[in-house]
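Heads up: the protein sequence lines correspond to chains A and B, in order.
Counted from 1, the first sequence has number 271 at position 272 by numbering that gives the first Met the number 0; the numbering is strictly sequential.
Counted from 1, the second sequence has number 339 at position 340 by numbering that gives the first Met the number 0; the numbering is strictly sequential.
For every residue, glycine included, the Cβ atom is placed at its ideal position computed from N, Cα and C.
Model, not experiment: these values are computed from the prediction.
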Amino acid sequence: MTIDSVRGAPDTPELAEPELVQLLTPEGERVEHPDYPLDLSAEEVRDLYRDLVNVRRLDLESVALTRQGELGLWASLLGQEAAQIGSGRALSENDMVFPTYREHGVAWCRGVDQLKLLSMFRGVTHGGWDPAEHNFHLYTVVIGSQTLHATGYAMGVQRDGVLGTPSAAATIAYFGDGATSQGDVNESFVFASVFNAPIVFFCQNNQWAISEPLERQSRIPLYRRAQGYGFPGIRVDGNDVFACLAVTRKALENARTGQGPTLIEAFTYRMGAHTTTDDPTRYRLKAEEEAWKLKDPIERVKAYLVRNEFADAAFFQKIEDEAKQTARELREGCLSMPDPKPLSAFEHVYAEPHPLMTEEQEQFAAYLASFEEEAR
Amino acid sequence: MVTPVSQPKVFNLPDVGEGLTEAEIVKWHVQVGDTVEINQTIVEIETAKAIVELPCPFEGVVTALHVTEGQTVDVGAPIISVDAEGGAAPEPARPAESARAPARDAERVPTPDEPGMVSPEQPPKRTPVLVGYGVKEAATKRRPRKASNGTAPPPAPAAPVVRPPAPRPQPVDNGLPLAKPPVRKMAKDLGVDLAAITGSGPQGSITRDDVQAALSAPSAPAVQAGPREERVPVKGVRKATAAAMTGSAFTAPHVTEFLQVDVTRTMETVRRLRELPEFADVKVSPLLLVARALLTAVARNPMVNSSWADGPDGAEIVVKRYVNLGIAAATERGLIVPKVKDAQDLDLPGLARALGELTEKARAGRATPADLSDGTITITNVGVFGVDSGTPILTPGESAILAFGQIRDMPWVHEGELAIRKVTTLSLSFDHRIVDGELGSKVLRDVGAMLEDPIRMLAWS
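Here is the structure:
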């Protein structure tokens, strides 16, 4: 006898055949969707493949560096490359990104040096990059709070009166399935909806909120939640880089032209642990991981390239070598990162000088100087 | 002191989980002499949080494993040395005690803008504490100190490894013959087994010449036609088995009973257990459920878990309140019956792990006398030999033994209809001095009922 713990749930999402936008099947076959036409040149597909392979390789290297004691922690994006590269490449330069701590692929698309991401996980900076330089906000570790920052930013853009003009900018907020249970995320949905903010909520549903499965987060597919707040929601195959690109592009364009927010649920899977301190074998089945391996986001692009003779063995080898080299540079860069100077803790706390902090800074500087004086 | 060609790099156990202080070495994936690459998995460790595979941070040849499997190691303690040049002789195995020694990670020169904070007795040194290795004890004693302005004497050179005072003359006792990596490769390429060569090099190590000599040596004489009979000396396990069986068969009057059981549901249960994460790294076999069923049956019928003792005041029956479950294992050296101690206290994954480890140890010939003694009841799995049943002989000092036959597809009346079901035969031998036919039958029926419908194990435990 089996006990049906989800009895009574309306339309429980089926893992096998969820309703979602897909433009590239796991076997690498191109399919059309009436609402999301996408025309990519061979060159563009090759570039996407290059992105995917590089971010996966960099991610693996970062996991290894953590295991070797060189980083304090790492949140692996393994399995979620297509969701990040697809949405990241849909962005235009003016658009603003509010990431979680796992958006290494989006950071790659925004041109943020991967070493700067590592500097935070190595504990040598509190942030690592200038958000304004890349229109890529600092990693937010608190679950879901960046959606409020993003909504506020989007409302600011709206008030600048640039929507519908060439200098219009959309805002995109990244978060996971677990964050949808947070108050912040629900509050930001309300604000975005009633103010018609130019924002895209990009939820990477990787099925696991650390050890909590999706069925304990929601009884309906996450994208349908948007309906309750009064804006459109759409589910996309998060392992399909084409679909993620097309769907995000359209949602961003809607935001820029004043048509309000969209919730995108990228249906994907966290192939690795939540972070390097987690052990997923304690709470999930191998069989599930094996099933998702067959939906690998990179393999299907490779199959598509080969099938259409858009790339040859030499191309794949070249990308492989390039990724290896990038990883080597990442490792060397990480190992040679200087420790921060003690006084640097006082930088960037306030935008302008602050009397109390200046006093504390001077005190600390004097304390440090006492080491030299005593020896005299 | 061995003077290596180059200084090996030492990998200290990192903190892989935000503030952990120690980890157990579960399994080494490399051995001394192996060539490793950066990020190659070298070892599995288990922390309080997770089992984690550690990737190697260096490339080169492994010159030493500083800790053995099963040891618990402090974060920061050296676990492996890798020589980038690949030319150093393997270091002797480090004594086990050093695994608990404090971190000996490489020291770092303080720079002018990083005042060192040290204990007064120490020479200037500072260990980075930002990432991965936690804070060293010495770092808690703080005292302002002169920073090195370029005039200060250089700090003591890095001493990553403290070596034992003298090399051991014997080859390292890890079962591997001593040979340098190029010699190993040469032997491998030429198909020469290093274990068969006596080395003529330093410390008995094998040289290139030794390998060449072994290769050019005349091959062993052709196998001669043997006599029509062979005399095998009776010793070791065979001798012990024979003595035990004879003793048991002629002192304890045995009775054996049989029961055929439909174990289709047990097989289904086995399949479902395998999918649970708790059983991800252990073997789940029908034997596991048979063992669990027998433990439950013993709990319901304690008398079967007893022994006959002839004391000065006459005979006594000693009823055991613990179950040391013997599992008969066929090994190359003969029949060995390792015991799962206090099996009644183990949960199912624990029992599975204990069964797996013990039989593995027995097969590898590493079972200790303690593993093999003090049994209270035994299971013998004759099914693995492809037979249906047997009349097992009691292990001396025990009063029951359960034989578990092969599982076969058989025509069977199931719910009133003929069906093809998974069927096995159980047989229970018991010491009739202690166990009557009624009790023996009840134990056998209990085990059978639980295997027919494993939910009964829940009901009865």
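| Check | Outcome |
| --- | --- |
| Length of the line joining the Cα atoms of residue 37 of chain B and residue 59 of chain B | 9 Å |
| Chain A residues whose Cβ lies nearer than 7 Å to that of residue 54 of chain B | 63, 66 and 67 |
| Neighbouring residues, chain A, relative to residue 279 of chain B (Cβ below 7 Å) | 280 and 285 |
| Short CB-CB distance (under 8 Å) between residue 323 of chain B and chain A | no |
| Chain-ordered neighbours of residue 277 of chain A on chain B, where CB pairs are closer than 8 Å | 48 and 49 |
| Interface partners of residue 127 of chain A on chain B, CB under 9 Å | Going along chain B, no residue has its Cβ under 9 Å from residue 127 of chain A, so there is no contact; the nearest lies around 14 Å. |
| Amino acids of chain B, ordered along the chain, whose beta-carbon sits closer than 8 Å to that of residue 271 of chain A | Correct list: empty, because the minimum Cβ distance to chain B is about 12 Å. |
| Residues of the region 194-222 of chain A with Cβ closer than 8 Å to any Cβ of chain B, in chain order | none |
| Euclidean distance between Cα positions of residue 165 of chain A and residue 92 of chain A | 12 Å |
| DSSP beta-bridge partners of residue 366 of chain A | According to DSSP, which records beta bridges pairwise, residue 366 of chain A is partnered with nothing at all. |
| Rounded separation between residue 14 of chain B and residue 272 of chain A - CA only | 17 Å |
| For residue 145 of chain A, the three-state DSSP class (helix, strand or coil) | helix |
| For residue 379 of chain B, the three-state DSSP class (helix, strand or coil) | strand |
| The alpha helix (DSSP H) enclosing residue 226 of chain A, as first and last residue numbers | 224-228 |
| C-alpha gap between residue 22 of chain B and residue 31 of chain A, whole angstroms | 52 Å |
| Residue-level contact to chain B via CB, residue 163 of chain A, 8 Å cutoff | no |
| Selection of the region 327-339 of chain A by Cβ proximity to chain B, strictly under 7 Å | 338 |
| Neighbourhood of residue 356 of chain A by C-beta distance below 7 Å, restricted to the same chain and skipping five residues each side | 345, 348 and 349 |
| Test item: CB-CB of residue 90 of chain A and residue 108 of chain A under 8 Å | yes |
| Nearest-angstrom Cβ-Cβ length linking residue 389 of chain B and residue 405 of chain B, presumed shorter than 8 Å | The Cβ separation is near 11 Å, so there is no contact. |
| At least 3 beta-carbon pairs within less than 8 Å: the region 143-156 of chain A vs the region 189-209 of chain A | yes |
| Contact with chain B by residue 177 of chain A, beta-carbon distance below 8 Å | no |
| Neighbour list for residue 15 of chain B in chain A, Cβ cutoff strictly below 8 Å | 65, 66, 68, 275 and 276 |
| Environment of residue 187 of chain B [buried if 16+ CB atoms lie within 10 Å] | exposed |
| Proximal residues, the region 273-302 of chain B versus chain A, C-beta separation under 7 Å | 274, 276 and 279 |
| Spatially closest choice to residue 276 of chain A from A:331, A:74 and A:48, by CA coordinates | A:74 |
| Coil, strand or helix - residue 338 of chain B by DSSP | strand |
| Chain B within 8 Å of residue 57 of chain A, Cβ atoms only | no |
| Cβ pair residue 255 of chain A, residue 131 of chain A closer than 8 Å | no |
| At least three beta-carbon pairs within less than 8 Å, the region 281-288 of chain A to the region 112-128 of chain A | no |
| Proximity test, residue 294 of chain A beta-carbon vs the ligand NAD heavy atom, cut-off 7 Å | This structure lacks the ligand NAD, and indeed carries no ligand of any kind. |
| Whole-angstrom distance between residue 296 of chain A and residue 457 of chain B, CA atom to CA atom | 44 Å |
| Other residues of its chain near residue 100 of chain A: CB distance less than 8 Å, five sequence neighbours each side excluded | 74, 138, 139 and 140 |
| Contact the region 300-318 of chain B vs the region 277-290 of chain B: 3+ CB pairs below 8 Å | no |
| Among B:268, B:183, B:446 and B:259, the one whose alpha carbon lies nearest that of residue 283 of chain B | B:268 |
| For residue 262 of chain B, the nearest candidate out of B:448, B:295, B:184 and B:427 (CA to CA) | B:448 |
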